[in-house]
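**Q**
Number of protein chains: 4
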Amino acid sequence: MKKIKVGILGATGMVGQRFVQLLEGHPWFEVSELAASEQSAGKTYEEAVAGRWKISADIPEYARKMRVKECRPNLDCRLVFSALDAAVAGPVEEEFAKAGYVVSSNSRNHRMDADVPLLIPEVNADHLGLVKVQQKQRGWKGFIVTNPNCSTIHMVLALKPLMDRFGLEKVMVTTMQALSGAGYPGVASLDILDNVYPYIGMEEEKMQTETLKLLGQFSGSGVANAINPLKSLKPPSSPQHPIVVRTEPDRPQPKLDRNLEKGMASVVGRIRKCPVLDYKFVVLGHNTIRGAAGAAILNAELMKARGLIG
Amino acid sequence: MKKIKVGILGATGMVGQRFVQLLEGHPWFEVSELAASEQSAGKTYEEAVAGRWKISADIPEYARKMRVKECRPNLDCRLVFSALDAAVAGPVEEEFAKAGYVVSSNSRNHRMDADVPLLIPEVNADHLGLVKVQQKQRGWKGFIVTNPNCSTIHMVLALKPLMDRFGLEKVMVTTMQALSGAGYPGVASLDILDNVYPYIGMEEEKMQTETLKLLGQFSGSGVANAINPLKSLKPPSSPQHPIVVRTEPDRPQPKLDRNLEKGMASVVGRIRKCPVLDYKFVVLGHNTIRGAAGAAILNAELMKARGLIG
Amino acid sequence: MKKIKVGILGATGMVGQRFVQLLEGHPWFEVSELAASEQSAGKTYEEAVAGRWKISADIPEYARKMRVKECRPNLDCRLVFSALDAAVAGPVEEEFAKAGYVVSSNSRNHRMDADVPLLIPEVNADHLGLVKVQQKQRGWKGFIVTNPNCSTIHMVLALKPLMDRFGLEKVMVTTMQALSGAGYPGVASLDILDNVYPYIGMEEEKMQTETLKLLGQFSGSGVANAINPLKSLKPPSSPQHPIVVRTEPDRPQPKLDRNLEKGMASVVGRIRKCPVLDYKFVVLGHNTIRGAAGAAILNAELMKARGLIG
Amino acid sequence: MKKIKVGILGATGMVGQRFVQLLEGHPWFEVSELAASEQSAGKTYEEAVAGRWKISADIPEYARKMRVKECRPNLDCRLVFSALDAAVAGPVEEEFAKAGYVVSSNSRNHRMDADVPLLIPEVNADHLGLVKVQQKQRGWKGFIVTNPNCSTIHMVLALKPLMDRFGLEKVMVTTMQALSGAGYPGVASLDILDNVYPYIGMEEEKMQTETLKLLGQFSGSGVANAINPLKSLKPPSSPQHPIVVRTEPDRPQPKLDRNLEKGMASVVGRIRKCPVLDYKFVVLGHNTIRGAAGAAILNAELMKARGLIG
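Chains as they are written, first to last, in this note's numbering: chain D, 273 to 582; chain S, 273 to 582; chain U, 273 to 582; chain X, 273 to 582.
1) Starting from residue 585 of chain D, find everything on chain X with Cβ-Cβ shorter than 8 angstroms and list it in chain order.
2) Between D:311, D:322 and D:331, which has its C-alpha nearest residue 295 of chain D's C-alpha?
3) For the segment 453 to 480 of chain U, list every residue whose C-beta sits within 8 angstroms of some C-beta in chain S, in sequence order.
4) List the residues of chain U whose Cβ lies closer than 7 angstroms to the Cβ of residue 527 of chain S, in chain order.
5) Run through chain X and tell me which residues come within less than 8 angstroms of residue 531 of chain D, C-beta to C-beta.
6) Does the distance from the CB of residue 577 of chain X to the CB of residue 287 of chain X come in under 8 angstroms?
7) Of the residues that make up the segment 436 to 451 of chain D, which ones have a beta carbon closer than 7 angstroms to any beta carbon in chain U?
8) Residues of chain U with CB closer than 8 angstroms to the CB of residue 541 of chain X, please, in chain order.
9) So what does DSSP say about residue 317 of chain X, is it helix, strand or coil?
10) DSSP three-state call for residue 551 of chain S: helix, strand or coil?
11) Work out the CA separation of residue 351 of chain S and residue 354 of chain U for me, nearest whole Å.
12) From residue 495 of chain S to residue 474 of chain D, what does the alpha carbon distance come to, in whole angstroms?
13) Apart from the five residues just before and just after residue 337 of chain D, which ones in its own chain have a Cβ nearer than 8 angstroms to its Cβ?
14) Give the residues of chain U in contact with residue 554 of chain X, contact being defined as C-beta atoms less than 7 angstroms apart.
15) Does DSSP put residue 573 of chain U in a helix, a strand or coil?
16) According to DSSP, is residue 530 of chain S helix, strand or coil?
17) For residue 582 of chain X, which residues of its own chain have a beta-carbon under 6 angstroms away from its beta-carbon, when the five flanking residues on both sides are left out?
18) In the DSSP assignment, what are the bridge partners of residue 339 of chain S?
19) Check the DSSP bridge columns for residue 625 of chain U and list the partner residues they point to.
20) So, does the CB of residue 648 of chain D fall closer than 8 angstroms to a CB anywhere in chain S?
21) Do you know offhand how far residue 366 of chain X's Cα is from residue 356 of chain X's?
22) Mind the definition here: the segment 412 to 420 of chain S touches the segment 517 to 531 of chain S only if three or more C-beta pairs lie below 8 angstroms; say whether that holds.
23) Tell me, which residues are paired with residue 302 of chain S by DSSP?
24) Tell me whether the segment 429 to 438 of chain U and the segment 528 to 547 of chain X touch, counting them as touching only if at least three CB pairs, one residue from each stretch, are closer than 8 angstroms.
25) Could you check the C-alpha separation between residue 572 of chain X and residue 440 of chain X for me, to the nearest Å?
26) In this structure, does DSSP put residue 431 of chain U in helix, strand or coil?
27) With DSSP collapsed to three states, give me the class of residue 418 of chain U.
28) To the nearest angstrom, how far is it from the Cα of residue 481 of chain U to the Cα of residue 449 of chain X?
29) Could you tell me the distance, in whole angstroms, from the CA atom of residue 324 of chain S to the CA atom of residue 467 of chain X?
30) In terms of residues, what are the limits of the beta strand (DSSP E) holding residue 487 of chain X?
31) Could you name each continuous alpha helix (DSSP H) segment of 4 residues or more that falls completely within the segment 327 to 408 of chain S, going from the start of the chain to the end?
32) Report, in whole angstroms, the separation of the C-beta atoms of residue 281 of chain D and residue 390 of chain D, which I expect to be a contact under 8 angstroms.
33) Which residue marks the beginning of the alpha helix (DSSP H) containing residue 288 of chain U, and which one marks its end?
34) Per DSSP, what kind of secondary structure is residue 465 of chain S in: helix, strand or coil?
35) With a threshold of 16 other CB atoms inside 10 Å of the CB of residue 424 of chain S, please say whether the residue is buried or exposed.
36) Taking just the CA atoms, how far does residue 527 of chain D sit from residue 333 of chain X?
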């Protein structure tokens, strides 16, 4: 199989770096373009991330000498992964989709658009049917598909099988979030060491609205919905066990469990009866892999498997 | 007023050290005895805590040269504060109460005994009526009064006025706990750095049972219940505002708020509507002051004010 | 004694906040002016530091409603403490000194000027003689006095008595620095958690040059040099023991020792023979109190005691 | 090549776990025995480390069901890796060597024995000549080889080429150590969070004496010393670049650099002139891989390559 050329928008930021790392040696995709802001454009990727590379593995060889471009829809690729900041992602992603690119976005801007799939392959692969609706309504050759907020992804992965089997009426959730979720420089060390920071702007709203969209029914006709889509299609980033259940009382722990299934699993533990609602449990997941870049890559793999990418 | 002589049981541990610190210069109490395990007995306090003093203020002068004794009911004092480990607190506290001492205990052993007050002065001062019941049933000259678990104290302080005003049907709570709650050496650094530890044995059970006892009605006759007991009596450790409400979206924060009212307040913030239950909010409090040693001292002050100590 | 009116330049930053806190209830000085950048000017101090107050004690009452002004030499005070960022401190401090203000600066800009005292009262009080030289050379009515970098202060406090008694030939030092030294937002949490950051720009150079200036002889004639200046004059912020020596093998520790003498002491420990140089030891000190705001306040107190202020 | 059967002594501790992990799929060695204290003996490895497995990767499959044995010289293997606690390592390792086993030890007990090689393959491979001396003097069929303390290894790896090229007169070193160096439970979180702990017992002494032994000349005749022993023999754990030099001013950083060369490299940076000694620089290395278990494995590989193991 000839590899599909892909680009990364916002390639120099925290999530962009994760895309660069996770796409190294990818069996279906080949990174042909790295794009970022004007300040980075023209530099090699190595120069552009000097002093800002935050992943505990060196910059992949393939990316070091690549020349960073601006985020304009003249890139030599078929699909772009968007790790753009929410301040600019909205119109840029639209330009790319209009110009015919497939956009797999981690940004929040289009997640709640009625005709844009907000996608977790194991949860609502059938929502890809919205792609045709989107293209028709907007008159685009390409299209945008998004993945949810990192907290939402792991919560919904754990809730979906419960909903399917028992139904779901009410959910209460308290999140404890990794610092990497705020990007770089993100949270100041003086704000978090010896401290708990009790508020992340718009996070509660995102978890509420995105969850309802994810768990909603797609009533239109579009791509057929396979019973077990991932198992038959085997996208390379698909975890063997999307949900890992630990029975030890002191698990899951981030230090020990976040990298299970290469960071693509949701790890559930401490399942017990709840005197208020019916059951309570803990879910843990990697926030920049399954919760961000890995999610968008898996979405792209699903689209490829479904024949949505050229 | 002549000061009341008090002793500290378990004076060398984390909570014991807090008692030693908080009782320095106390207007009503004078520490006349420090007691601990056999290994410490016979040493000066300074020697006994060498390399184990964990409070960011030097050992108070008054305690340095005091000779540590064993935890036997032959101490020269009228009241003992118990910071004993749960493994030994049960029978030791009983011996002291039997021998006529007032025992203000931070240990969990007798908290749920039906005739032992589990006390938060602002919440259920009338439960002190149980003291007479206890003395009668057990044939003791002294008695035991306990304070709740650190998490329970702060939660119940925040819930009580809501219960009084609106009633209380269901409560869901997620706790994030200070490392000091586990004592010393307590949690290994390898277990907590870059990690979240999801389980503390018996903590959920304690929060459930202690809360029900605290918020229960004392139906017997005993000490009369003043409307606003603390305000009229002014125990020296009583905070001016037991509950401080912060309206900034990013408060309370441990680093900024735990020492409000000298660590004796519960700090409430982020009050907002909840789509599942009616309201949700954050409560923060100091776990070794209001949540442990300070709670037991305030309890003792209330007992003194009510005429229960000599 | 009537209090001297003082202002704080850069009052909203990390070091500025320390000035605001440490000057609350000061027996000699009264904060009459708070000044900061254009964005803050016009707001109350409370508004100006909303979400940026980083000290674990609430904003002092006296400062909350004060109106923040711009850093122009029309402030109603006799002395200004400068906590200005190095990017702007240079010319602003000069303007104030020219206009007749005494400037006690924590900024690095004028530290190495030949006619500006770089002052640690216990080390080189006689360098205040430079004030007359400075005023004459520059034709100023006011003058600038500076305190050293936080690392230098504590190192030199420990070295001075050794130099006086034994002489000093070579010094090797490795520093481990508090995150607060970088101001706010300063170091990103992603850069420091689970990490050691090996480089602070210009820090080595500052420690080398400032130390030589501090330990140099002032050969001019000026203010007479008392043998034990601080003891006889008793500036209120002067620590009873500027150097505290700990003999326990595991001290000093920041958590246990940084607040000794209200954060104004240098704590020395682990003194032992060195097979390469003659002796080695550990010095620990509070970096935003004795290492910054407290240092500038002590300098101002010394100037007042010497009759250099009004 | 048929794999050599190896055992791990002290297999349940922190360093023991690293041996278990690093030896998974090793091309030359096959773990046939896991041994630990009496409490663990008889349990499966999985049971024995329940709640104590501290490595962020699950227990390797091969080890889970292995039955843990006591540390007695009746194990079915040719070589044992010793991760024993210093309190017991001395006599146990001697028993094994006497009984004919090759012992590659990470424990400190025999490091300074005159006839026991203290070995870093890239530094003093010729010291293996001591094996014959040891066997002759002690009348043993087997023998003991040790690796240095974690701090010493990385320091000496960086110093050796400098010594060879320029000579070495004096070295001053300040270490900042990973918490894992103290084993588990090791350092209490209350002792290290928001703190610097200034003392590790015997650490300075170890770095001084071990370094002198490592950099000393072996004058006897024994195994011939190849010029570039590792390059020609290619032990599988040998890093391609034992020393990685970083030229960025803010490197090395543990978070970014400790896993270079799979944790087997020493990473050098910030090389600069020193006004006291001639040069100064920073060295960083992984303390439980190259600094402990990985070091002992590399030593064993060198012994195999030199024909010292069956």
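Heads up, the beta-carbon is just placed ideally off N, CA and C, and yes, glycines get one too.
Please read these numbers as outputs of a predicted model, since none were measured by experiment.
**A** Looking at the coordinates:
1) This structure cannot settle anything about residue 585 of chain D, because the visible part of chain D is limited to 273 through 582.
2) In the first sequence, residue 295 of chain D corresponds to position 23, counting from 1. Comparing Cα positions, the closest option is D:331.
3) Flagged, chain order: 465 and 466.
4) To locate residue 527 of chain S, count along the second sequence from 1; it is residue 255. Those within 7 angstroms of residue 527 of chain S in chain U are 328.
5) Indexing the first sequence from 1 puts residue 531 of chain D at position 259. The contacting residues are 328 and 329.
6) Along the fourth sequence, one-based indexing puts residue 577 of chain X at 305. Along the fourth sequence, one-based indexing puts residue 287 of chain X at 15. Contact flag unset, no.
7) 451
8) Counted from its first residue, the fourth sequence places residue 541 of chain X at position 269. Near residue 541 of chain X (Cβ distances below 8 angstroms), the residues of chain U are 470.
9) Start at 1 with the first residue of the fourth sequence, and residue 317 of chain X comes out as number 45. The answer is helix: DSSP assigns residue 317 of chain X an H, G or I state.
10) Translated into positions along the second sequence, residue 551 of chain S becomes position 279. Taken through DSSP and simplified to helix, strand or coil, residue 551 of chain S comes out as strand.
11) As a working mapping, residue 354 of chain U is identified with position 82 in the third sequence. As a working mapping, residue 351 of chain S is identified with position 79 in the second sequence. When rounded, the separation of the alpha-carbon atoms in residue 354 of chain U and residue 351 of chain S is 53 angstroms.
12) For the purposes of this step, residue 495 of chain S is taken as residue 223 along the second sequence, with counting starting at 1. For the purposes of this step, residue 474 of chain D is taken as residue 202 along the first sequence, with counting starting at 1. Per-residue confidence for residue 495 of chain S stands at a pLDDT of 44, beneath the threshold of 50, marking its modelled position as unreliable; the derived number appears in the next sentence. Their backbone Cα atoms lie some 50 angstroms apart in a straight line.
13) The residue you call residue 337 of chain D lines up with position 65 of the first sequence. Excluding its 5 nearest sequence neighbours in each direction, residue 337 of chain D has C-beta neighbours in its own chain below 8 angstroms: 316, 317 and 318, listed in chain order.
14) In the fourth sequence, residue 554 of chain X corresponds to position 282, counting from 1. The contacting residues are 470.
15) Translated into the one-based positions of the third sequence, residue 573 of chain U becomes position 301. Helix at residue 573 of chain U.
16) Residue 530 of chain S sits at position 258 when you count from the first residue of the second sequence. Three-state DSSP puts residue 530 of chain S in coil, outside helix and strand.
17) Along the fourth sequence, one-based indexing puts residue 582 of chain X at 310. Around residue 582 of chain X: 350.
18) The residue labelled residue 339 of chain S in the question sits at position 67 within the second sequence. BP columns for residue 339 of chain S point to S:316.
19) Nothing in the structure corresponds to residue 625 of chain U, since chain U is present only between 273 and 582.
20) Outside the displayed span of chain D (273 to 582) sits residue 648 of chain D, for which this structure offers no information.
21) Mapped onto the fourth sequence, residue 366 of chain X falls at position 94. Mapped onto the fourth sequence, residue 356 of chain X falls at position 84. Roughly 12 angstroms between the two C-alpha positions.
22) no
23) Taking the first residue of the second sequence as position 1, residue 302 of chain S is located at position 30. DSSP output for residue 302 of chain S lists S:277 as bridge partner(s).
24) no
25) Taking the fourth sequence and counting its residues from 1, one reaches residue 572 of chain X at position 300. Taking the fourth sequence and counting its residues from 1, one reaches residue 440 of chain X at position 168. About 29 angstroms.
26) Against the third sequence, residue 431 of chain U aligns to sequence position 159. Note: residue 431 of chain U maps to helix in three-state DSSP.
27) On the third sequence, residue 418 of chain U is found 146 positions in, with the first residue counted as 1. Residue 418 of chain U: strand per DSSP, three-state reduction.
28) In the third sequence, the residue the question calls residue 481 of chain U occupies position 209. In the fourth sequence, the residue the question calls residue 449 of chain X occupies position 177. Taking the straight line joining both Cα atoms gives about 30 angstroms.
29) To locate residue 324 of chain S, count along the second sequence from 1; it is residue 52. To locate residue 467 of chain X, count along the fourth sequence from 1; it is residue 195. Each residue's alpha carbon lies about 15 angstroms from the other.
30) Counting from 1 along the fourth sequence, the entry for residue 487 of chain X is found at position 215. Run containing residue 487 of chain X: none; DSSP gives neither H nor E here.
31) Listed in chain order, the complete alpha helix (DSSP H) runs (minimum 4 residues) inside the segment 327 to 408 of chain S are 333 to 336, 358 to 370 and 393 to 396.
32) Here residue 281 of chain D refers to the residue found at position 9 of the first sequence. Here residue 390 of chain D refers to the residue found at position 118 of the first sequence. Not a contact, Cβ separation roughly 19 angstroms.
33) Your numbering for residue 288 of chain U matches position 16 in the third sequence. Note, residue 288 of chain U: alpha helix (DSSP H), 286 to 294.
34) One-based indexing of the second sequence puts residue 465 of chain S at position 193. Residue state, collapsed to three classes: coil.
35) Looking up residue 424 of chain S in the second sequence gives position 152. When all chains shown are included, residue 424 of chain S counts as buried.
36) Taking the first residue of the fourth sequence as position 1, residue 333 of chain X is located at position 61. Taking the first residue of the first sequence as position 1, residue 527 of chain D is located at position 255. So the alpha carbons of these two residues sit roughly 19 angstroms apart.
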